[in-house]
Amino acid sequence: MTEFRIVRTARCSPEAAWQRLTRWEAHAAHVPLTTITVTTPPPTGPGTTFVARTALGPLAFDDVMRVVRWEPPARSGSGAAASGRCRLEKRGRAVRGWSEIEVGPHAAGGCRIVWRGEIHPRGLPAALQPLTARPAGLLYARILRGLVAG
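In terms of this note's numbering, the sequence shown is residues 1 to 150.
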């Protein structure tokens with residue numbers, strides 16, 4: 001089991017960050033050798049499924065993900081922003097686990113993003129799984145940086 005947690009702030013509104021972070025196909029621009037296909041019709045919500053296919057020549061694996069929690073950030077009648085949360089379950093043959101994205105207002109303006117999760121690379125002995133924590137954290141941080149900058 002590999003756990004990761006990334007916390008970042010961005011200058012955009014929570015709603016804008018949410019839109020960028022939940023455009024699943026856009027994640028592929030920040031993950032080498034990967035394409036992403038949403039396999040269910042829009043709009044995104046609970047039950048939405050997508051596949052991240054990573055391939056190098058004939059070697060490939062699919063990371064199948066399903067949205068199981070979908071609570072976009074919203075504004076109250078007074079205009080105050082409330083945090084949004086999305087939870088994905090990884091259901092592929094090669095990678096299992098979950099990922100959560102939380103986007104909310106930041107006291108200094110803009111928004112605060114927390115992306116955390118657990119990944120379980122199938123076939124990797126338990127003793128070696130902690131070695132994947134740093135690369136996983138770096139990859140998710142790269143995705144987050146790329147998406148909220150765009």
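Heads up, the beta-carbon is just placed ideally off N, CA and C, and yes, glycines get one too.
In three-state DSSP terms, what is residue i?
{"i": "His106", "result": "coil"}
{"i": "Pro46", "result": "coil"}
{"i": "Ala80", "result": "coil"}
{"i": "Ala29", "result": "helix"}
{"i": "Ala17", "result": "helix"}
First and last residue of the alpha helix (DSSP H) that includes residue i?
{"i": "Leu144", "result": "Ala133 to Ala149"}
{"i": "Trp24", "result": "That residue, Trp24, is in no alpha helix (DSSP H); it is neither H nor E in DSSP."}
Let me confirm a value: residue i is counted as buried when at least 16 other C-beta atoms fall within 10 Å, else exposed. Which label applies?
{"i": "Ala20", "result": "Position check: residue 20 holds Arg in this sequence, whereas Ala was assumed. By the neighbour-count rule (16 or more Cβ atoms within 10 Å), Arg20 is buried."}
{"i": "Val7", "result": "exposed"}
{"i": "Gly117", "result": "buried"}
{"i": "Pro73", "result": "buried"}
{"i": "Thr22", "result": "buried"}
{"i": "Gly79", "result": "exposed"}
{"i": "Glu162", "result": "Beyond the ends of the chain as shown, which are 1 and 150, falls residue 162; an answer cannot be given."}
{"i": "Thr40", "result": "exposed"}
{"i": "Pro14", "result": "buried"}
{"i": "Thr35", "result": "exposed"}
Between which two residues does the beta strand (DSSP E) harbouring residue i extend?
{"i": "His120", "result": "Cys111 to Pro121"}
{"i": "Val67", "result": "Leu59 to Glu71"}
{"i": "Thr34", "result": "Thr34 to Val38"}
{"i": "Arg8", "result": "Thr2 to Ala10"}
Once the 5 residues before and after residue i are set aside, which same chain residues still bring their CB inside 8 Å of it?
{"i": "Gly146", "result": "Ala29 and His30"}
Once the 5 residues before and after residue i are set aside, which same chain residues still bring their CB inside 6 Å of it?
{"i": "Arg122", "result": "Ala94"}
{"i": "Ser99", "result": "Leu88 and Gly117"}
{"i": "Arg11", "result": "Gly110"}
{"i": "Gly45", "result": "Trp70"}
For residue i, collect the residues of the same chain with a Cβ closer than 7 Å to its Cβ; drop the 5 residues on either side in sequence, then sort them by chain order.
{"i": "His106", "result": "Thr9 and Arg112"}
{"i": "Leu33", "result": "Thr54, Ala55 and Leu56"}
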